[in-house]
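Just add 657 to wherever you are in the sequence shown, counting from 1, and you've got my numbering.
Think of the CB as a built atom: it goes at the ideal place given N, C-alpha and C, for glycine as much as any other residue.
Heads up: the structure comes next, in structure tokens.
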Amino acid sequence: MKNIILCGFMGCGKTTLAKALANEYNMPLIDTDEEIVKREGRTIAEIFSSDGEQYFRDLETALIKELSESEGAVISLGGGLAANERNHPYLKQAGALILLDCGIEQTLNRITGDGSRPLTAGGVDDIIARYNFRKPIYESVADIVIDSSGSKKRTLQLTLTALEEMV
Ligand code: S3P
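This is the structure:
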């Protein structure tokens, strides 16, 4: 089985759902943010402030290229990875890509003022502009779109049903 991959904007619930899916299917879990932090030995905020965003984006591309040749894992992507079109061929090769979207209001509630996410520093207007810019790019590459504005249980249920319909 190829991988099950979760994408979407910051705060959409990728990490939580990825854990639940890995548990449900008894598959290993890979979180691209965590993997980069582990390999670099520093936090994402530190990577952005010392080496800049582009350096981080290059690490993301190298990682998804590597993962596109693997199989059998649940992969949770950092929010910018599927928003970067140069990563789309690797994502297509990597497995079934699920987009989670909880809408802009919930997104703002969940991420505003989160210091561990460098891209929230620009404030509400910047987050809204980024969300609106990315939404069609995520949609263009996703195989399945899931509304993640409800409870964690509901999001899991919707995802399991959509995955069953896909096979
Ligand atoms: C980013 C999202 C973050 C992390 C980095 C950049 C983005 O991941 O990769 O701060 O560009 O949206 P989460 O979506 O897991 O917060």
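Residue i: CB within 7 angstroms of a non-hydrogen atom of the ligand S3P
i, result
"L757", "no"
"D690", "yes"
"P793", "no"
"T812", "no"
"P775", "yes"
"G737", "yes"
"K809", "no"
"I761", "no"
"M667", "yes"
"T672", "yes"
Candidates the options, of which the one nearest residue i by Cα
i, options, result
"C664", "I704, A778, D690, T818", "D690"
"H745", "I768, A679, A702, L720", "L720"
"R743", "V694, A778, I794", "I794"
"E796", "K749, Y682, R767", "K749"
"E717", "L820, I768, I693", "I693"
"A677", "E821, E822, T812", "T812"
"G729", "G780, G698, K722, K659", "K659"
Assumed close pair residue i, residue j - CB separation to whole angstroms, cut-off 8 angstroms
i, j, result
"V731", "M667", "About 19 angstroms separates the two Cβ atoms, so there is no contact after all."
8 angstroms Cβ cutoff met for residue i and residue j
i, j, result
"G752", "I661", "yes"
"Y747", "S725", "yes"
"I803", "I785", "no"
"K671", "L757", "yes"
"A675", "D688", "yes"
"V798", "A702", "no"
"Y788", "T764", "yes"
Identified DSSP bridge partners for residue i
i, result
"I755", "L663, I801"
"D690", "Beta-bridge pairing links D690 to no other residue."
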